[in-house]
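Top line first, the protein sequences correspond to chains A and B.
Oh and the first sequence: position 62 is 68 in this note's numbering, straight run, nothing missing.
Oh and the second sequence: position 151 is 157 in this note's numbering, straight run, nothing missing.
2 protein chains.
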Amino acid sequence: MEPRWLSQDEQESWLPFAAMLIKLPAALDAQLQRDADITHFEYLVLARLSMIRDRTLRMSELASVVSASLSRLSHVVKRLEQRGWVRRAPCPENGRFTNAILTEAGWEKVVATAPGHVEEVRRLVVDALSESELRQLREISSRVLQRIDPDAGTW
Amino acid sequence: MEPRWLSQDEQESWLPFAAMLIKLPAALDAQLQRDADITHFEYLVLARLSMIRDRTLRMSELASVVSASLSRLSHVVKRLEQRGWVRRAPCPENGRFTNAILTEAGWEKVVATAPGHVEEVRRLVVDALSESELRQLREISSRVLQRIDPDAGTW
DNA sequence: GCGCGCCACTTGAAGCGTCAAGTAAGCTGG
DNA sequence: CCAGCTTACTTGACGCTTCAAGTGGCGCGC
């Protein structure tokens with residue numbers, strides 16, 4: 007079967023988009039690495055915990071909200087635990103679950119790190135775009151996410 | 007100084023966009039890994055070489071067009087060389103330069119792999135969006151790239 | 001014309017992610 | 001009531017990326 011190659015126009019959209027897909031995460035990582043000595047993914051974990059009641063969440067739920075495998079999360083939480091920002095405790099009601107809990111030091115880390123990160127997100131994306139472009143971006147992202155994982159939108 | 011947090015609206019665009027930034031590269035990688043047993047980045051290197059006259063490019067130029075460090079490229083090209091898809095030869099005119107050259111087997115690998123990859127790009131992005139959304143996406147991506155690296159647009 | 005520095009690359013070690021295998025808690029059927 | 005399955009998580013090994021330290025060709029100053 008003859009493949010449906012991208013047209014000239016399609017390529018001219020795809021190429022810059024693909025480049026952004028590579029460079030934007032690298033740029034966000036670089037800012038956090040430089041200013042806070044943590045990974046973008048480590049930041050996501052801390053930030054998510056900080057937004058939640060009791061700053062506590064089961065490992066499997068945390069994995070799902072940060073789009074990671076349980077294995078990846080387990081390794082990362084181990085490192086965060088060693089740095090004193092998170093601790094783990096078995097869930098009292100059900101011994102199979104493990105709760106990840108943001109410590110006071112972890113909370114302070116988030117408070118210290120978030121403004122610089124938000125500033126970078128603004129600088130590179132939010133403030134670079136008009137209001138209507140931002141809405142378009144939301145629509146586009148949702149559509150792509152839907153295609154990647156048709157079941158995911160359900161939360 | 008009080009940080010400028012994202013507004014509700016801004017967050018509602020940023021969150022799906024950030025999720026896409028994580029999941030789309032993972033999805034593209036997964037397809038290539040599954041169907042062709044190569045990394046997305048390895049594919050990029052082979053594909054770029056295949057598009058160029060003589061299928062030959064200096065390492066440093068290749069690094070720049072695929073947005074990678076020279077070190078990363080060096081490691082990857084070594085692996086591609088071991089698999090027989092690329093070979094390296096010092097540039098005749100200037101012994102400091104190394105040319106990366108796509109072999110016949112490498113060419114065949116690209117020809118065999120490209121249609122499936124393009125199909126996945128269509129499925130997840132290009133065919134998921136309208137023509138005008140695709141144009142918007144190009145504009146948005148260019149704007150963000152400009153912010154990340156103001157000098158880069160010059161080629 | 002040769003020493004010194006720079007440039008293009010290579011290498012090795014350390015860190016993070018993934019995959020597969022392991023462990024331990026709780027449910028379930030007989 | 002316990003054997004075996006399932007679920008939630010952990011661990012270890014391997015692969016890829018990064019970072020810092022090499023290596024070697026080439027040009028420039030004197």
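Built from N, CA and C at the ideal position, the CB exists for glycine as well.
Residue range of the unbroken beta strand (DSSP E) whose run includes residue i
{"i": "A:L63", "result": "62-64"}
Own chain partners of residue i with C-beta closer than 8 Å, once the 5 adjacent residues on each side are dropped
{"i": "B:G90", "result": "T109, A111, G112"}
{"i": "A:C162", "result": "The question about residue 162 of chain A has no answer, for chain A in this structure spans 7 to 161."}
{"i": "A:L50", "result": "V72"}
{"i": "B:A95", "result": "T104, N105, I107"}
{"i": "A:Q39", "result": "T45"}
heavy atom of the ligand GTP below 8 Å from residue i C-beta
{"i": "A:R54", "result": "In the structure shown, the ligand GTP is absent, as is every other ligand, since no ligand is present at all."}
Inter-residue Cα distance where the pair is residue i and residue j
{"i": "A:T62", "j": "A:A25", "result": "37 Å"}
{"i": "A:A42", "j": "A:S77", "result": "24 Å"}
{"i": "A:L34", "j": "A:R128", "result": "11 Å"}
{"i": "A:P121", "j": "B:T45", "result": "35 Å"}
{"i": "B:L135", "j": "A:Q17", "result": "14 Å"}
{"i": "A:Q88", "j": "A:A69", "result": "19 Å"}
{"i": "A:S148", "j": "A:S19", "result": "18 Å"}
{"i": "B:R10", "j": "A:V124", "result": "8 Å"}
{"i": "A:D155", "j": "A:R59", "result": "28 Å"}
{"i": "B:T160", "j": "A:E137", "result": "Low confidence applies here, because B:T160 scores a pLDDT of 44, under 50, leaving its location unreliable and the question unanswered by this model."}
{"i": "A:M57", "j": "A:E67", "result": "14 Å"}
{"i": "A:G101", "j": "B:A32", "result": "32 Å"}
{"i": "B:S75", "j": "B:R54", "result": "16 Å"}
{"i": "A:S80", "j": "A:L21", "result": "35 Å"}
{"i": "A:R93", "j": "B:E99", "result": "60 Å"}
Sequence-distant residues of its chain with Cβ nearer than 6 Å to residue i (five each side left out)
{"i": "A:E145", "result": "none"}
{"i": "A:T119", "result": "A42"}
Nonlocal neighbours in the same chain, by C-beta distance under 7 Å from residue i, ignoring five residues either side
{"i": "B:R85", "result": "none"}
{"i": "B:E48", "result": "V82, L86"}
{"i": "B:K115", "result": "L52, W91"}
{"i": "A:E126", "result": "L34, Q37"}
{"i": "B:F23", "result": "none"}
Residue i and residue j closer than 9 Å at C-beta
{"i": "B:L12", "j": "A:V132", "result": "yes"}
{"i": "A:R153", "j": "B:L27", "result": "no"}
{"i": "A:V150", "j": "B:L30", "result": "yes"}
{"i": "B:L140", "j": "A:D15", "result": "yes"}
Limits of the unbroken alpha helix (DSSP H) element including residue i
{"i": "A:I146", "result": "137-154"}
Inset, instruction - Would you mind listing the alpha helix (DSSP H) stretches within the region 37-84 of chain B that are 4+ residues and don't spill past its ends, in chain order? - result: 46-56, 65-71
Legend entry - Residue ranges of each alpha helix (DSSP H) within the region 89-145 of chain A, 4 or longer: 110-130
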